[in-house]
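Scroll down for the structure; my scribbles are underneath it.
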Amino acid sequence: MSFKLGIIGFGNIAKAIVNPLLEKKFINPEQIYCIVKSNKSFDDIRNSYPYKINVILANSIDSKLVWDAPIKILSVKPQQLEELIELPSNKNKKDTIVSVLAGVSLKKLERKFPNHNCVRTVTNIPILLGKGLTGITWGSSVDEDKKIFIKKIFEKSSKIYELPEDYLDIFLSLTASAPAIIALIVDSLSDGGLSGGLNKKLSEELVIEMIFGTILLLKESNIGTTELKNMVTSPGGTTISALNILEKRSFKSALIEAIIAARNKSKEFS
Numbered sequence: 006m007s008f009k010l011g012i013i014g015f016g017n018i019a020k021a022i023v024n025p026l027l028e029k030k031f032i033n034p035e036q037i038y039c040i041v042k043s044n045k046s047f048d049d050i051r052n053s054y055p056y057k058i059n060v061i062l063a064n065s066i067d068s069k070l071v072w073d074a075p076i077k078i079l080s081v082k083p084q085q086l087e088e089l090i091e092l093p094s095n096k097n098k099k100d101t102i103v104s105v106l107a108g109v110s111l112k113k114l115e116r117k118f119p120n121h122n123c124v125r126t127v128t129n130i131p132i133l134l135g136k137g138l139t140g141i142t143w144g145s146s147v148d149e150d151k152k153i154f155i156k157k158i159f160e161k162s163s164k165i166y167e168l169p170e171d172y173l174d175i176f177l178s179l180t181a182s183a184p185a186i187i188a189l190i191v192d193s194l195s196d197g198g199l200s201g202g203l204n205k206k207l208s209e210e211l212v213i214e215m216i217f218g219t220i221l222l223l224k225e226s227n228i229g230t231t232e233l234k235n236m237v238t239s240p241g242g243t244t245i246s247a248l249n250i251l252e253k254r255s256f257k258s259a260l261i262e263a264i265i266a267a268r269n270k271s272k273e274f275s
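Sequential numbering from 6 applies to the sequence shown in my numbering.
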């Protein structure tokens, strides 16, 4: 197969996207051409990455091999975007660049890469386990064949939502920022167990298993969040005592404000 997939930057998210493509033999290692900036990254991939992909330093003349790929995944840090230089193509039609950069709008991508059709995506940290959520907004000139292929790339590691760009900031807030909130909740609940006499390790294990079971119950049954809350809340009981404290501390309002603040910050970046 002569198809090439270009990767610009090869951090954790890029690896999480590429690894299942290779594991499931959707693409062969020799079809992947990756640009990295540092000698350390270059050596790490050459010596430690389990697949023999083509890795090229950004300042090398061979970097054009990556830019010649019909589809490129852009996975550098957002602050490194301005350092990139789009190399010209000899093709008659535009190639496609797929960005996973947080808070970088299609308009900004299209200004930076005028010789490419651009796609903006937002994904989240569970993609590292193949359990990601990826929102995709297509540039106006991306054809159906490219859309199908790009969706196949992300389907190997995440569930896909095709969305208007106006929704990507709140999508990012709920799916990419919220895992940190969940981690904070796990840490706080397990500290509660610690305060009650359990050791931290056991307390954290119980909290994680409880959250996992609760999510499965919500996902796999017809029980809604309000119904579930009512099922475990008795008049004058332990649960209502806990909920009353959270209400006094405006817990729900704080979570809503946090999600909106993350959305607004994403809009600022765009």
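Cβ atoms here follow ideal geometry from the backbone N, Cα and C, with glycine treated the same way. For clarity, every value in this text was computed on a predicted model and none was experimentally measured.
Inset, instruction - Could you work out which residue in Ala74, Asn52, Arg51 is closest to Lys9 when comparing CA atoms only? - result: Translated into the one-based positions of the sequence shown, residue 9 becomes position 4. For Lys9, the nearest C-alpha among the options comes from Ala74.
Legend entry - Other residues of its chain near Asp174: CB distance less than 6 Å, five sequence neighbours each side excluded: In the sequence shown, counting from the first residue as 1, residue 174 sits at position 169. So the list reads Arg268, Ser271, Lys272, once near-sequence residues are dropped.
Legend entry - CB contact check: Thr243 to chain B, cutoff 7 Å: The structure shown contains no chain B; it holds only a single protein chain.
Inset, instruction - Can you tell me the Cβ-Cβ gap for Val237 and Val212, rounded? I've got them flagged as a contact below 8 Å. - result: Indexing the sequence shown from 1 puts residue 237 at position 232. Indexing the sequence shown from 1 puts residue 212 at position 207. With a Cβ gap of about 15 Å, Val237 and Val212 do not count as contacting.
Inset, instruction - Starting from Val191, trace the alpha helix (DSSP H) both ways and give me its first and last residue. - result: Position 186 of the sequence shown, counted from the first residue, corresponds to residue 191. Residues 183-200.
Legend entry - Gly202 burial status per 10 Å Cβ neighbour count (16 or more: buried): Mapped onto the sequence shown, residue 202 falls at position 197. Under this definition Gly202 is an exposed residue.
Inset, instruction - Report the three-state DSSP secondary structure of Ile216 (helix, strand or coil). - result: Position 211 of the sequence shown holds residue 216. If DSSP states are grouped into helix, strand and coil, Ile216 belongs with the helices.
Inset, instruction - Check the C-beta distance from Ile40 over to Ile22 and give it rounded, since I have them as a contact under 8 Å. - result: The residue given as residue 40 occupies position 35 in the sequence shown. The residue given as residue 22 occupies position 17 in the sequence shown. With 8 Å as the limit, Ile40 and Ile22 do not qualify as a contact, their Cβ atoms being about 15 Å apart.
Inset, instruction - Take Gly198 and list the residues in its own chain whose beta-carbon comes closer than 6 Å to its own, dropping the five residues that flank it on each side. - result: Reading the sequence shown from its first residue, position 193 is the one you call residue 198. These residues qualify, in order along the chain: Ser208.
Inset, instruction - Mind reading off the beta-carbon distance from Leu79 to Val105? Whole number of angstroms is fine, and I expect it under 8 Å. - result: Looking up residue 79 in the sequence shown gives position 74. Looking up residue 105 in the sequence shown gives position 100. With 8 Å as the limit, Leu79 and Val105 qualify as a contact, their Cβ atoms being about 7 Å apart.
Inset, instruction - Would you mind working out which of Ile102, Leu233, Trp72 sits nearest Thr142, comparing C-alpha positions? - result: Your numbering for residue 142 matches position 137 in the sequence shown. Selected option, being the one with the closest Cα: Ile102.
Legend entry - Candidates Phe15, Ala19, Gly14, of which the one nearest Ile158 by Cα: On the sequence shown, position 153 is the one that residue 158 refers to. Ile158 has its Cα closest to that of Ala19, out of Phe15, Ala19, Gly14.
Legend entry - Residue range of the beta strand (DSSP E) that includes Leu62: Within the sequence shown, numbered from 1, the residue matching residue 62 stands at position 57. Its beta strand (DSSP E) spans residues 59-62.
Inset, instruction - Report the three-state DSSP secondary structure of Thr126 (helix, strand or coil). - result: Taking the first residue of the sequence shown as 1, we reach residue 126 at position 121. It is a strand residue.
Legend entry - Closest by C-alpha distance to Pro55, when choosing among Ala63, Phe176, Pro34: Here residue 55 refers to the residue found at position 50 when the sequence shown is read from its first residue. For the residues Ala63, Phe176, Pro34, the minimum Cα distance to Pro55 belongs to Pro34.
Legend entry - Enclosing beta strand (DSSP E) for Glu167 [first to last residue]: As a first step, residue 167 is located in the sequence shown; it is residue number 162 there, counting from the start. Looking at the DSSP string, the run of the beta strand (DSSP E) that includes Glu167 is 163-167.
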